[in-house]
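The structure appears below as C-alpha cells.
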Amino acid sequence: MIVRKFTIADTAFKRLSGQDGDVFTGNLVDERHGGPITVGYGRYGPGQSIDVTLEVDDVMVVLEGHLSVLTKAGTLSAGPGDIVHMPKGETVTIRSHEDEVVTAYVTYPHWREPSSAA
Numbered sequence: 001m002i003v004r005k006f007t008i009a010d011t012a013f014k015r016l017s018g019q020d021g022d023v024f025t026g027n028l029v030d031e032r033h034g035g036p037i038t039v040g041y042g043r044y045g046p047g048q049s050i051d052v053t054l055e056v057d058d059v060m061v062v063l064e065g066h067l068s069v070l071t072k073a074g075t076l077s078a079g080p081g082d083i084v085h086m087p088k089g090e091t092v093t094i095r096s097h098e099d100e101v102v103t104a105y106v107t108y109p110h111w112r113e114p115s116s117a118a
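Counting from 1, one number per residue, gives the positions in the sequence shown under full-length UniProt numbering.
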C-alpha cells in the first residue's frame, strides 16, 4: 500500500441500496487496495433517516451538519468534529436534521454495498 490523500471531490457517491431517500456513500479504500479497513464519505440530505443493523464496526466522523443516532439504549446527537462508534451487531437509526450532513467513515472489517447496488 502507498500513502494516499483523499478529499470529498474524489468520491463517487452511490445511493444506499434499499433506501429511497437521499443517503449516499462512497468507498475510497477497501479490500481492493490491500488494507484491512474501508474508508469513505457519506452524505445525507436534509431530513433523511436510515435503519440498519451493522455488519461491521463503524466509526463515523461528522464533517458538516448534525445528525442523531438512535439505539435501544437511547439517542445521541453529533455535529461537526464529533466521532460516533457503532459496534458490529448494533441496530441503529441514523437521522439527519434540517441541513445536509457529510461524514467520513472507517469500518472494520471491510464494508461495501452489494454489487447489485452499483
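Positions of the beta carbon are idealized from the N, C-alpha and C atoms, including for glycine. Since the structure is predicted, the reported quantities are computational estimates derived from the model, not experimental observations.
Using only CA atoms, which one of the options lies nearest to residue i?
| i | options | result |
| --- | --- | --- |
| I56 | V106, Q48, D20 | Note that residue 56 is Val in the sequence shown, not Ile. V56 has its Cα closest to that of V106, out of V106, Q48, D20. |
| L67 | G34, V23, D30 | V23 |
| G40 | L54, D58, T53 | D58 |
| G42 | L63, G35, R32, D51 | L63 |
| G18 | E31, I50, R32 | I50 |
| T91 | V29, V101, G74 | G74 |
| P109 | T93, D99, I94, G35 | G35 |
Give me the DSSP bridge partner(s) of residue i.
| i | result |
| --- | --- |
| S96 | L67 |
| V59 | H85, V106 |
| V73 | Checking the displayed sequence, the identity of residue 73 turns out to be Ala instead of Val. Paired residues: none, contrary to the question. |
| V29 | V39 |
| A78 | L67 |
| K14 | T25 |
| V101 | Y44 |
Rounded to a whole number of angstroms, what is the C-alpha to C-alpha distance between residue i and residue j?
| i | j | result |
| --- | --- | --- |
| Y44 | K72 | 22 Å |
| L76 | T25 | 21 Å |
| I37 | G47 | 29 Å |
| P80 | V69 | 14 Å |
| A9 | V52 | 26 Å |
| N27 | D82 | 20 Å |
| I2 | V61 | 23 Å |
Flag this pair as yes or no: are the beta carbons of residue i and residue j separated by less than 8 Å?
| i | j | result |
| --- | --- | --- |
| K14 | L54 | no |
| H85 | G65 | no |
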